[in-house]
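As structure tokens, the structure follows; a few thoughts come after it.
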Amino acid sequence: MGDPLKRKDYEALLEPMEEELVAMARWVAATGARIVVLFEGRDTAGKGGAIAAVAERLNPRQCRTVALASPSEREKGQWYFQRYVEHLPTRGEIALFDRSWYNRAGVEKVMGFATAFEVKQFLDHVPRFEKLLVDDGILLFKYWLTCDQEKQEERLAERLEDPLKRWKLSPIDLAARQKYEAYTKAREEMLEATHTRHAPWTLVDFNDQRLGRLTLIRDLLDRLPDTHIDPPPLELKPLDHAPLDEKFDKLKPIKPFRID
Numbered sequence: 001m002g003d004p005l006k007r008k009d010y011e012a013l014l015e016p017m018e019e020e021l022v023a024m025a026r027w028v029a030a031t032g033a034r035i036v037v038l039f040e041g042r043d044t045a046g047k048g049g050a051i052a053a054v055a056e057r058l059n060p061r062q063c064r065t066v067a068l069a070s071p072s073e074r075e076k077g078q079w080y081f082q083r084y085v086e087h088l089p090t091r092g093e094i095a096l097f098d099r100s101w102y103n104r105a106g107v108e109k110v111m112g113f114a115t116a117f118e119v120k121q122f123l124d125h126v127p128r129f130e131k132l133l134v135d136d137g138i139l140l141f142k143y144w145l146t147c148d149q150e151k152q153e154e155r156l157a158e159r160l161e162d163p164l165k166r167w168k169l170s171p172i173d174l175a176a177r178q179k180y181e182a183y184t185k186a187r188e189e190m191l192e193a194t195h196t197r198h199a200p201w202t203l204v205d206f207n208d209q210r211l212g213r214l215t216l217i218r219d220l221l222d223r224l225p226d227t228h229i230d231p232p233p234l235e236l237k238p239l240d241h242a243p244l245d246e247k248f249d250k251l252k253p254i255k256p257f258r259i260d
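Laid out in structure tokens, this is it:
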């Protein structure tokens, strides 16, 4: 593998795609389309960064990130898909799932949080569940972000040492280090059961996370219909007076941050 993509090159390549993503969101709003994108993969693969790259320039009221915590006791007693259904988009919305219902076929299976019967039942049911979504008009995209164990180890160590990334590290992540092959086997079983014509999987190499983001975004944009819609005309007319300064009565701004 070549040298990692440099930040300045990445940003230069990302910028025109960001314009396309903004146009895509405008198309979604105008047509009432509903888009669901699932981001799955190993710990440290780069799901959060990929989601941020997609969503950064979009209206957060239109484009939502869904990152659910572990199910509550009440949710454990529900139909498995129930807690995910409430986060599906309505007309004109985009939902980006930072992990999804596929938790059952991955971490829950490998770490023993689900029984073999529950996993089998999930793999049997999920193609039908996704067929219902697609038949109802949802545009569903499923991405699996891949990375070698060497890269995973580097990123785990970085999280441990970096106070700004330490929150990303959990005891489950550390325990999962020893189960790399088990996750590979679980992924292949999942793909065998759920890579369907109506809801196919797309695997993206994220050993170089910047290159992976560009690859994923380009693929997503290319698989959408023509989304070109001109923005509505707006005119910024001149003010009929000189610009005004802020005035304060009851409270005043706090002192500016001191730069020594």
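Residue numbers for the sequence shown follow UniProt numbering, beginning at 1 and rising by one.
C-beta: ideal position from N, C-alpha, C; glycine also.
All figures in this text were calculated on a predicted structure; none of them were measured in a lab.
Cβ-based burial, residue 58 [other Cβ within 10 Å; buried from 16]: buried
Short Cβ contact (8 Å threshold) for residue 172 with residue 27: It is not a contact, given that the beta carbons lie outside the stated cut-off.
Candidates 98, 149, 207, 135: closest to residue 2 by CA position: 207
Beta-bridge pairing of residue 10 - partner residues as DSSP gives them: Per DSSP, none; premise fails for residue 10.
Through-space distance from residue 215 to residue 60, alpha-carbon basis: 23 Å
Runs of alpha helix (DSSP H) lying entirely within the region 105-150, each at least 4 residues, in chain order: 107-110, 116-135
Closest residue to residue 65 among 42, 78, 53 (Cα-Cα distance): 53
Helix, strand or coil at residue 95 according to DSSP, with G and I counted as helix: strand
Residue 248 versus residue 239: straight-line alpha-carbon distance, rounded: 22 Å
Bounding residues of the beta strand (DSSP E) (the contiguous stretch that carries residue 35): 34-41
Nearest-angstrom Cβ-Cβ length linking residue 96 and residue 63, presumed shorter than 8 Å: 7 Å
Straight-line gap, residue 144 to residue 43 (C-alpha atoms, nearest Å): Approximately 11 Å between the Cα atoms of the pair.
Where residue 61 falls: helix, strand or coil (DSSP): coil
First through last residue of the beta strand (DSSP E) which encompasses residue 202: From DSSP, the beta strand (DSSP E) with residue 202 extends over 201-205.
Sheet register partners of residue 66 (DSSP bridge): 97
Close-in-space but distant-in-sequence residues of the same chain around residue 186 (CB under 8 Å, 5 per side omitted): 105, 106, 109, 110
Endpoints, the alpha helix (DSSP H) within which residue 215 is located: For residue 215, the enclosing alpha helix (DSSP H) has its first and last residue at 209-223.
Closest Cα partner of residue 277 within the set 79, 127, 71: Nothing about residue 277 can be read from this structure; the chain reaches only from 1 to 260.
Touching by the beta-carbon criterion (3+ pairs, under 8 Å), the region 151-163 and the region 30-48: yes
Coil, strand or helix - residue 179 by DSSP: helix
Option in 179, 227, 138, 237 with minimal Cα separation from residue 91: 138
Residues near residue 195 in its chain [Cβ-Cβ closer than 7 Å; skip 5 each side]: 201
For residue 164, three-class secondary structure by DSSP: coil
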